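Residue numbers (our numbering), protein chains in the order written: chain E, 1 to 284; chain A, 1001 to 1396.
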Amino acid sequence: MVAIENGSSFTGATRYVLDEELANIVNISMALEMPLLLKGEPGTGKTMLAHAIAENLQMPLIVLNVKSSMKLVDALYQYDTLTRLNDSRFSDSGRDVSNIEEYIRMGKIGQAFTAEKRTVLLIDEIDKADTDFQDDMLDVLDQMEFDIIEIDKTKAARNRPVIIITSNAKKDLSDPFLGRCNFHHIAFPDPKMMRKIIRVHFPSLDTDLMENAIETFYGLRDVDAIEKRPATRELINWIRALDADPDFKPKKLVKGKVPFLGVLFKKSQDYGRVLQHTERRRLF
Amino acid sequence: MFIEFFYKLKETGVPVSPTSFLTLHRALNQGLVTSLNDFYTSARSILVKSERYFDLFDQVFAHHFKGAEMPDYEGFEVDEMARAMLEAWLKDPKSMADALDMDEEQLKKLSPEELIEYFKERLKDQDEEHHGGSKWIGTGGTSPVGHSGFHPGGMRVGGISRNKSAVKVAMDRRYKDYSLSGPLTQAMMGEALKRLRNMIPSGPKDRVNIDETIYQTMRNGGEIEIIFDRDLKDRLKVIIAIDNGGWSMDPYVQVVQTLFDYTRAQFKELKTYFFHNTIYGTLWKDAARYKQPVKLDEIVRSDSETRLVILGDASMAPYELMAADGSIHLEERSGTRSIDCLQSLADTFAHSVWLNPIQTNMWQYTQTINTIRSVFPMFELSIDGLEKAITQLMLK
């Protein structure tokens, strides 16, 4: 659809199946230079999207994994006092101890701002951090600059990075934060989409195996009262396991026999419940 | 441009801001939007900030650009259903006649308009949303007309597949499940429950409190004094009591229990008890309400900071609540009125709520619901209600 300034627009990547709607949204966010906020169940490929964009547009990818205890400053820069103390005591490093700037290290956001090329900045699981972090970060991303208090300098972004923010919806994000992002919710892929995804990962996979595996997978996802429902990642691993097993025949799945259940269900309660479910099905 | 569309969104309750509207125009000015499809995706990603409003957005969009009936839920769905029914009727008059409990001959005499009238007539007869009955229209019932019914030879209404233009996509209402009024899914309840937390310092003192250290060091005249703190941990005790007697509660028991179990790790203590209709002298630890009774006196002795969540439809015969020995179970003769038992629970636990799966607008018709509401703050078991309930539980 739209050409971005540097002449490229996002069309997908080798290991990522993109639906058109999402491609559209990514391109618009890039053109508007606004961060894109992605929500969705775990395993719908939120994080993978950023990797795909980076690969497709050949930009370096910088990942900021947000932790609950994180302060914004950690993401921007660090003032390495310990090295400075060490240098002042044993001055043998060649650094100028009186120049604080030599002891400022860039954090992930800082790296993205100061990079030579335009980068893709992935801020993963923003909802883990508290609201202060989110609100402060918003200012930085809006202004595209931040102050380093220790040396009283302002760092401005050389290139405005493509910003992708993911959230698992653990906490609601604040309204002003949402106001400055574009938003998309990635739904769990439907079987048709899933077939494409599996094809991308296993180009030479037996069609029977794929069809039966996908059908069984969606059946198992619908079993009642499962705490952690298996996602795309689990399906891919499971198919890998099935494919690697020389004794396995795709027909077994149709008969309701499900090997390697542990790959799909990782909580013991879930495992038990699903096992019960499949065994009951086999009896009838 | 599109100012009307913007205000329509606002009116229907999608929280849209002028700033985002301006952003949308920036996108339009830059020539980023070349088709209605583009407009749909870009308008949604720029204006709407939560998947809960995607469904409303879809409906407003369909209305505005296609003139589809307004997103007044009933209207939209009835018309969709009626249209689908008409199609089915044209294709297969025989099964349609069976489905509507009519003679084929009789049916042939009806004009399409009359048929739809008949259909709507039935819809009007029902005075509440009905899922799972035998006559009225709703979902999952055995009524001949409705969605996903079990009626032999019945027909499926709505949910016909369409090809994918933006308006049609919008009319698909793919995000119905995420809307605020939608059904309660585990993921959504989990999200709400995450807010139920109470951070209390616990464990060994192994964290340096820097501010305090600096302050104390200064007070010491420069002599370093390092102050340690305890880590903050979530140490909330929760009791949930579930009414698992009677079919009316069946669909909810499992969901709620799984969810609280799911978040178990978050709490210091989580106890689940069961009762039928209302609480007398005893609660049960086992779902069969037989093996492990727990006396109410014992529960009342728990920490008063414990959060009490009661799940039940609060609907019963008034005497069950108001009379001494009102229980329908012979073995539950404690001699106290159930309402007094509830009151003593409410007095013990300052933070308590009653979650009710019945819709709020139906509460006024049931006497016992009103009575119990005067004892416990009551909330509907929906995303909205759950959020309000959590807020209530976390009040200081």
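Here a beta-carbon is modelled for each residue, glycine too, at the ideal position from N, C-alpha and C.
Every value quoted in this text rests on a predicted model; they were computed, and no experiment measured them.
Distance check for residue j and residue i, CA to CA, integer angstroms please.
i: Phe945/A; j: His185/E; result: Residue 945/A lies beyond the residue range present for chain A, which begins at 1001 and ends at 1396; the question has no answer from this structure.
i: Leu1381/A; j: Ser167/E; result: 25 Å
i: Asp1347/A; j: Arg1373/A; result: 14 Å
i: Ser1050/A; j: Val97/E; result: 50 Å
i: Leu82/E; j: Gly179/E; result: 39 Å
i: Val1238/A; j: Ile1310/A; result: 11 Å
i: Leu138/E; j: Asn182/E; result: 13 Å
i: Glu20/E; j: Ala1043/A; result: 15 Å
i: Asn86/E; j: Ser93/E; result: 9 Å
i: Ile28/E; j: Leu1028/A; result: 10 Å
i: Lys1008/A; j: Arg1026/A; result: 20 Å
i: Gln78/E; j: Asp147/E; result: 12 Å
i: Leu242/E; j: Gly40/E; result: 28 Å
i: His1276/A; j: Leu1342/A; result: 13 Å
i: Val26/E; j: Leu36/E; result: 7 Å
i: Asp1038/A; j: Asn24/E; result: 7 Å
i: Asp1229/A; j: Asn1209/A; result: 6 Å
i: Pro1318/A; j: Val1375/A; result: 15 Å
Around the Cβ of residue i, are there at least 16 other Cβ atoms within 10 angstroms (buried) or fewer (exposed)?
i: Phe1379/A; result: buried
i: Thr154/E; result: exposed
i: Gln58/E; result: exposed
i: Ala129/E; result: buried
i: Val1078/A; result: Model confidence at Val1078/A stands at a pLDDT of 49, short of 50, so the residue's coordinates are unreliable and nothing is read from them.
i: Arg1052/A; result: buried
i: Ala1287/A; result: exposed
i: Ser1338/A; result: buried
i: Arg229/E; result: buried
i: Asp206/E; result: exposed
i: Ile1137/A; result: Here Ile1137/A scores only 42 on pLDDT, less than 50, and its place in the model should not be relied on; the value that follows carries that caveat. Classification for Ile1137/A: buried.
Hey, out of the options, whose CA is closest to residue i's CA?
i: Phe188/E; options: Ile198/E, Ala231/E, Leu275/E; result: Ala231/E
i: Glu286/E; options: Asp80/E, Asp124/E, Leu253/E; result: Past the boundaries of the shown model lies residue 286/E; chain E is included only from 1 to 284, so the question cannot be answered.
i: Lys108/E; options: Gln143/E, Asp124/E, Arg95/E; result: Asp124/E
i: Gly256/E; options: Val263/E, Lys267/E, Glu279/E, Ile236/E; result: Glu279/E
i: Phe1054/A; options: Lys1388/A, Gln1030/A, Val1016/A, Ile1390/A; result: Val1016/A
i: His51/E; options: Asp132/E, Leu18/E, Met106/E, Phe146/E; result: Leu18/E
i: Asp208/E; options: Gly219/E, His201/E, Arg195/E, Val200/E; result: Arg195/E
i: Phe113/E; options: Ile151/E, Leu264/E, Ile62/E; result: Ile62/E
i: Thr1023/A; options: Phe1006/A, Thr1012/A, Lys1268/A, Leu1036/A; result: Phe1006/A
i: Asp247/E; options: Val254/E, Asn237/E, Pro259/E, Ile236/E; result: Pro259/E
i: Thr1019/A; options: Leu1047/A, Val1353/A, Glu1011/A; result: Leu1047/A
i: Lys1388/A; options: Asn1356/A, Ala1314/A, Tyr1215/A; result: Asn1356/A
i: Thr177/E; options: Asp142/E, Leu64/E, Tyr218/E, Asp74/E; result: For the record, residue 177/E in the displayed sequence is Phe; it is not Thr. When only C-alpha atoms are compared, the closest one is Asp142/E.
i: Ala31/E; options: Ile163/E, Arg240/E, Leu122/E; result: Ile163/E
i: Leu977/A; options: Arg1307/A, Ile1214/A, Ala1317/A; result: Past the boundaries of the shown model lies residue 977/A; chain A is included only from 1001 to 1396, so the question cannot be answered.
i: Thr1336/A; options: Tyr1365/A, Thr1282/A, Glu1269/A, Gln1059/A; result: Thr1282/A
i: Phe1021/A; options: Asp1313/A, Ser1045/A, Asp1231/A; result: Ser1045/A
Kindly say whether residue i, judged by its beta-carbon, lies nearer than 7 Å to any beta-carbon of chain E.
i: Ser1045/A; result: yes
i: Leu1381/A; result: no
i: Ala1062/A; result: no
i: Glu1269/A; result: no
i: Lys1049/A; result: yes
i: Ala1287/A; result: no
i: Thr1368/A; result: no
i: Thr1217/A; result: no
i: Thr1041/A; result: yes
i: Thr1019/A; result: yes
i: Leu1032/A; result: yes
i: Ala1317/A; result: no
i: Ala1027/A; result: yes
i: Val1078/A; result: In this prediction, Val1078/A scores a pLDDT of 49, lower than 50, which makes its location untrustworthy; no coordinate-derived value is stated.
Are the C-beta atoms of residue i and some chain A residue less than 7 Å apart?
i: His277/E; result: no
i: Phe183/E; result: yes
i: Leu82/E; result: no
i: Ala50/E; result: no
i: Asn24/E; result: yes
i: Ala231/E; result: no
i: Leu178/E; result: yes
i: Ala129/E; result: no
i: Ile28/E; result: yes
i: Ala157/E; result: no
i: Glu150/E; result: no
Runs of alpha helix (DSSP H) lying entirely within the stretch 103–143 of chain E, each at least 4 residues, in chain order: Complete alpha helix (DSSP H) runs here, min 4: 108–114, 131–143.
Complete runs of the alpha helix (DSSP H) confined to the stretch 1309–1393 of chain A [at least 4 residues]: You should have 1318–1322, 1338–1348, 1367–1373, 1383–1393.
My parser needs the beta strand (DSSP E) runs of 3 or more residues fully inside the stretch 176–202 of chain E; what are they? For the stretch 176–202 of chain E, whole beta strand (DSSP E) runs of length 3 or above, ordered along the chain, are 182–186.
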